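To keep things clear, I will list the structure first and then write my remarks on it.
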Amino acid sequence: MVSPGRLFFLHAEPLIAMHSDPGSYRIVKLRHKNPDRAIGCHAGDIVGRLDHVSSEITRVTLYFGEGGRSIELAGHDRLLHVVAVHSFYFHRPELNERVRELKRTLDQSNRFKELKLMAETVVPQSLDGNILK
Numbered sequence: 244m245v246s247p248g249r250l251f252f253l254h255a256e257p258l259i260a261m262h263s264d265p266g267s268y269r270i271v272k273l274r275h276k277n278p279d280r281a282i283g284c285h286a287g288d289i290v291g292r293l294d295h296v297s298s299e300i301t302r303v304t305l306y307f308g309e310g311g312r313s314i315e316l317a318g319h320d321r322l323l324h325v326v327a328v329h330s331f332y333f334h335r336p337e338l339n340e341r342v343r344e345l346k347r348t349l350d351q352s353n354r355f356k357e358l359k360l361m362a363e364t365v366v367p368q369s370l371d372g373n374i375l376k
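Residue numbers (our numbering): 244 to 376.
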């Protein structure tokens, strides 16, 4: 998902979080403390929500907040300080599969990072037990 004007795209983690709890608001991005320094990206908060419109369609809605102010929840289903809303519609089974793939990719990535760190901390040795320099 890329916003109009390519000012924002959604990372895997927030999408997975929204997918695991449909109908709830999730923080996608926190606002910049100094909105004037937000170059090439939205200065305010971005909050997302995933809703199953039907058995076949899922909607992901992104709410873009004002720069310099936090998005606030008013009541059960109303957000304050929102300046733009973008909605994306997906075929539900296809989105479910994409989220499964993203979860698998992140799990494998984390495992790879662990193995890489372990390999970097082990002293390399030759087959005869001598330390390699």
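Glycine included, C-beta positions come from ideal geometry on N, C-alpha and C.
All figures in this text were calculated on a predicted structure; none of them were measured in a lab.
In the structure shown, the three-state DSSP call for residue 342 is helix.
It is roughly 32 angstroms from the alpha-carbon of residue 354 to the alpha-carbon of residue 285. With a beta-carbon spacing of about 7 angstroms, residue 303 and residue 261 fall inside the 8 angstroms limit used to define contacts.
Contact check for residue 328 and residue 287: beta-carbon distance about 13 angstroms, past the 8 angstroms limit, so the pair fails to qualify. Close CB contacts of residue 315 within its chain, under the 8 angstroms cut and outside five residues either way in sequence, are with 322, 323 and 324 (chain order). Residue pairing by DSSP places residue 308 opposite 325 in a beta bridge. Ranked by Cα distance from residue 277, the options 294, 310 and 374 are led by 310.
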